[in-house]
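Notes for the one structure printed next.
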Amino acid sequence: QLRLISRPSAILGNMGEQSTFLLLGTVILLPWNCMLSAMPWFTKSTFPKNGWSATVTPALPAVGITVQLLMIAAGDRFGAKGIRLNIYVLIFGACLSLLFIPLSIPNLIPAQFLIAVITGTLLGGFSTCFIQSCGGALLSTASPDAAAAFSNGLAFAGIVSLVVSEVTSSIFDEQIASFALFSVCAGLFIVCVFDQMRYLRQRESLAQEDKTHLSVIRHSGSEMIPEETLQATTQEPTSVWGSVARGWVQESIMLLNYILTFAVFPQINLKWPAKINLSGDDYSLLMITTFQVFDLSGRLLCGSRVFKFMPGPRTNWMLLVIRLATLPFFFLGWLRPNTVFGSFPLLFIIMVLFALLNGVVTTLCFIHAGTTAEVRDKDWVNRATAMCINIGIMVGSGVCSVAQTLLQA
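So for the sequence shown, full-length UniProt numbering puts the first residue at 1; every next one is plus one.
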């Protein structure tokens, strides 16, 4: 029985293809989540007058989008080296993660603020988005299950950083907790380096087998394999940006999905008055945890039997309409706290639905981007779809700031 040449083996090594992409997705967003978890400590102890978080946070998506655009524009010069580039950048990310440990010490060196801004921007922007762009390229030759695992990893990163931060801060002081957080981050980067090396060896072995297999088929008679499969192995994109444009459906859905998310989360929903016996910090932790857990749950749904009931590539935009309908409740809960809209059970249900749909839409976009694109377009469509997450975060955060300013005026 002939096997498809355009798809790798279902099991790659001990961890498997899905585990490889789950781990890669986790380390992609883990540095950003670690910085968000450590920002209260940095701001309070090391940079009380400099507003480090206000300086670094806007730089992350801007640097990331720039890097991803360059990765797409570079075309095959980087595309053919995707896994090797991942390995080099993962090592770079591990080193930068370790740099945050001494930077967590108050008043260590006079230039600490400048170094922290540079380190934070590189770690959260350059390194993370370099891996994200390479990861999007790797998905072009992976199975739909790998795309779902990659999406799950992006959500799992927030839960990992949250759990490590909360557990260590409950046992140790905030400085030790910050050390532990970035040590775990660096450790997972290193684990991912070895896993990518294993994945590279497996891919090279499979590529050689496919090459030999195709050669045998060609010499035996091309009627043994469909002509379109033979053409797919040698098909080249006519234009990188043409390939990106042909994937506009999933790219635009991903972009709008993250604009909707960051237009209200976390700034607007944390303005809801907590009508329960919780402190402000505990209330914030509850709502952020709720979002992360149900966001991951939505992504996991797409990897189960429920997937066959999900909207298809041309209809998953309907989920965006449902998400859009929930947005007024976020603002009404803030501006009308003494009405039914300020009811905590109602707001909690809205948050659960909002987070669940975010996870579903994200995973569907990754899966549909890979399964609907032509072979010659998959690499660039996957990279562009991943880039739309960063663009959506930046635009959505801007929309949130403008909305707050107008509503408070």
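Every residue gets a Cβ at the ideal spot worked out from N, C-alpha and C, and that includes glycine.
Quantities reported herein were computed from a predicted structural model and do not represent experimental measurements.
| field | The alpha helix (DSSP H) enclosing F307, as first and last residue numbers | value | Stepping through the sequence shown from its first residue, residue 307 is reached at position 307. Unbroken run through F307: none, as it is neither H nor E.
| field | Whole alpha helix (DSSP H) elements within the region 317-385, 4-residue minimum | value | 317-335 and 344-372
| task | Whole angstroms is fine: what's the gap from N338's alpha carbon to F331's? | result | On the sequence shown, position 338 is the one that residue 338 refers to. On the sequence shown, position 331 is the one that residue 331 refers to. Cα to Cα, the separation comes out at about 13 angstroms.
| query | Do L320 and L260 come within 8 angstroms of each other at the CB atom, strictly closer than that value? | reply | Within the sequence shown, the letter at position 260 stands for residue 260. Within the sequence shown, the letter at position 320 stands for residue 320. Contact flag set, yes.
| query | For T315, which of helix, strand or coil comes out of DSSP? | reply | One-based indexing of the sequence shown puts residue 315 at position 315. Looking at T315 - three-state DSSP - the assignment turns out to be coil, as it is neither helix nor strand.
| Okay, do the region 284-295 and the region 351-370 touch, 3+ Cβ pairs below 8 angstroms being the bar? | Contact between the region 284-295 and the region 351-370 is present, because at least three Cβ pairs lie under 8 angstroms.
| query | Going straight from the alpha carbon of H368 to that of P313, what length do you get? | reply | Counting from 1 along the sequence shown, the entry for residue 368 is found at position 368. Counting from 1 along the sequence shown, the entry for residue 313 is found at position 313. Cα to Cα, the separation comes out at about 6 angstroms.
| field | Start and end residues, alpha helix (DSSP H) containing S279 | value | The residue given as residue 279 occupies position 279 in the sequence shown. First-last for S279: undefined, no H or E at that position.
| query | residue 460: buried (16+ other C-beta within 10 angstroms of its C-beta) or exposed? | reply | Limits of the chain in this structure are 1 at one end and 409 at the other, which puts residue 460 out of reach.
| Around the Cβ of N277, are there at least 16 other Cβ atoms within 10 angstroms (buried) or fewer (exposed)? | The residue labelled residue 277 in the question sits at position 277 within the sequence shown. Answer is exposed; the Cβ neighbour count stays below 16.
| message | Does the contact criterion of 3 or more C-beta pairs under 8 angstroms hold for the region 62-76 versus the region 118-129? | response | These segments touch.
| Rounded C-alpha distance that separates A245 from G359 | Translated into the one-based positions of the sequence shown, residue 245 becomes position 245. Translated into the one-based positions of the sequence shown, residue 359 becomes position 359. Roughly 24 angstroms between the two C-alpha positions.
| Shortest alpha-carbon distance to K44 belongs to which of E174, L255 and W272? | Taking the first residue of the sequence shown as 1, we reach residue 44 at position 44. K44 has its Cα closest to that of E174, out of E174, L255 and W272.
| request: Find the nearest neighbour of G158 within the set F294, N86 and L347, judged by alpha-carbon distance. | output: As a working note, residue 158 is residue 158 in the sequence shown. Checked all of F294, N86 and L347; the closest Cα to G158 is F294.
| query | Count the other CB atoms within 10 Å of the CB of T119; is the residue buried (16 or more) or exposed (fewer)? | reply | For the purposes of this step, residue 119 is taken as the residue at position 119 of the sequence shown. The residue in question, T119, is buried, as its Cβ has 16 or more Cβ neighbours within 10 Å.
| said: Going by C-alpha to C-alpha distance, which of G392, M394 and K378 sits closest to A147? | reply: Here residue 147 refers to the residue found at position 147 of the sequence shown. Answer by Cα proximity: K378.
| Cβ pair G396, A263 closer than 8 angstroms | Residue mapping note: residue 396 aligns to position 396 of the sequence shown, counting from 1. Residue mapping note: residue 263 aligns to position 263 of the sequence shown, counting from 1. Cβ atoms of G396 and A263: closer than 8 angstroms.
| said: Measuring alpha carbon to alpha carbon, tell me which residue in C34, P328 and T362 is nearest L188. | reply: In the sequence shown, the residue the question calls residue 188 occupies position 188. Of the listed residues, the one whose Cα sits closest to L188 is C34.
| said: Please classify E223 as buried or exposed, where buried requires at least 16 other C-beta atoms within 10 Å of its C-beta. | reply: Position 223 of the sequence shown, counting from 1, holds the residue named residue 223. Caution applies to E223, whose pLDDT of 49 falls short of 50 and renders its modelled position unreliable; the model cannot decide the point.
| Measuring CA to CA, which of C134, L24, F92 and W41 is closest to L70? | Working through the sequence shown from its first residue, we reach residue 70 at position 70. Ranking C134, L24, F92 and W41 by Cα distance to L70 puts C134 first.
| CB-CB under 7 angstroms to N269, same chain, minus the five flanking residues each way: which ones, in chain order? | Mapped onto the sequence shown, residue 269 falls at position 269. Within the same chain, N269 has close Cβ partners M287, F330 and M351.
| request: Decide if R203 is buried, meaning its Cβ has at least 16 other Cβ atoms within 10 Å, or exposed. | output: Here residue 203 refers to the residue found at position 203 of the sequence shown. That one is buried.
| beta strand (DSSP E) runs contained entirely in the region 58-134, provided each spans 3 or more residues | none
| message | Using a Cβ-Cβ cutoff of less than 8 angstroms, which residues in the same chain neighbour S169 once the five nearest sequence positions on both sides are dropped? | response | Working through the sequence shown from its first residue, we reach residue 169 at position 169. If we look at S169 and ignore the five residues flanking it on each side, its Cβ neighbours are A177.
| Apart from the five residues just before and just after M394, which ones in its own chain have a Cβ nearer than 6 angstroms to its Cβ? | Taking the sequence shown and counting its residues from 1, the one referred to as residue 394 is at position 394. Only P61 meet the Cβ criterion.
| said: Suppose contacts are defined by Cβ-Cβ distances below 8 angstroms. Is S37 in contact with S183 by that definition? | reply: Taking the sequence shown and counting its residues from 1, one reaches residue 37 at position 37. Taking the sequence shown and counting its residues from 1, one reaches residue 183 at position 183. Result no, Cβ atoms of S37 and S183 do not sit closer than 8 angstroms.
| request: Pull up the CB-CB distance for A149 and Q18, whole angstroms please, since I reckon it's below 8 angstroms. | output: Position 149 of the sequence shown, counting from 1, holds the residue named residue 149. Position 18 of the sequence shown, counting from 1, holds the residue named residue 18. Correct: roughly 4 angstroms between the Cβ atoms.
| request: Measure the beta-carbon distance from P31 to C185 and round it to whole angstroms, keeping in mind my assumption that it falls under 8 angstroms. | output: Within the sequence shown, numbered from 1, the residue matching residue 31 stands at position 31. Within the sequence shown, numbered from 1, the residue matching residue 185 stands at position 185. The Cβ separation is near 6 angstroms, so the contact holds.
| said: I need the DSSP call for residue 425, collapsed to helix, strand or coil. | reply: In this structure the chain extends from 1 to 409, so residue 425 is not present and cannot be described.
| Rounded to the nearest angstrom, how far is the Cβ of R383 from that of G136, given a contact under 8 angstroms? | For this step, residue 383 is matched to residue 383 along the sequence shown. For this step, residue 136 is matched to residue 136 along the sequence shown. Yes, they are in contact, since the Cβ atoms of R383 and G136 sit about 4 angstroms apart, within 8 angstroms.
| query | Going by the CB atoms, is the gap between L24 and residue 410 shorter than 8 angstroms? | reply | Nothing can be reported for residue 410, as the shown portion of the chain is limited to 1 through 409.
| task | Along the alpha helix (DSSP H) that carries F21, what are the first and last residues, could you check? | result | For this step, residue 21 is matched to residue 21 along the sequence shown. Here the alpha helix (DSSP H) through F21 covers G16 to W41.
| Around the Cβ of S205, are there at least 16 other Cβ atoms within 10 angstroms (buried) or fewer (exposed)? | As a first step, residue 205 must be located in the sequence shown, where it is residue number 205. When all chains shown are included, S205 counts as exposed.
| Alpha carbon to alpha carbon, what distance is there between L285 and V163? | Walking along the sequence shown from the start, residue 163 turns up at place 163. Walking along the sequence shown from the start, residue 285 turns up at place 285. Straight-line Cα distance between these residues: approximately 11 angstroms.
| Using CA coordinates, which residue listed in M387, F265 and M254 is at the minimum distance from L347? | As a working note, residue 347 is residue 347 in the sequence shown. Ranked by how close their Cα comes to the Cα of L347, the residues M387, F265 and M254 have F265 in first place.
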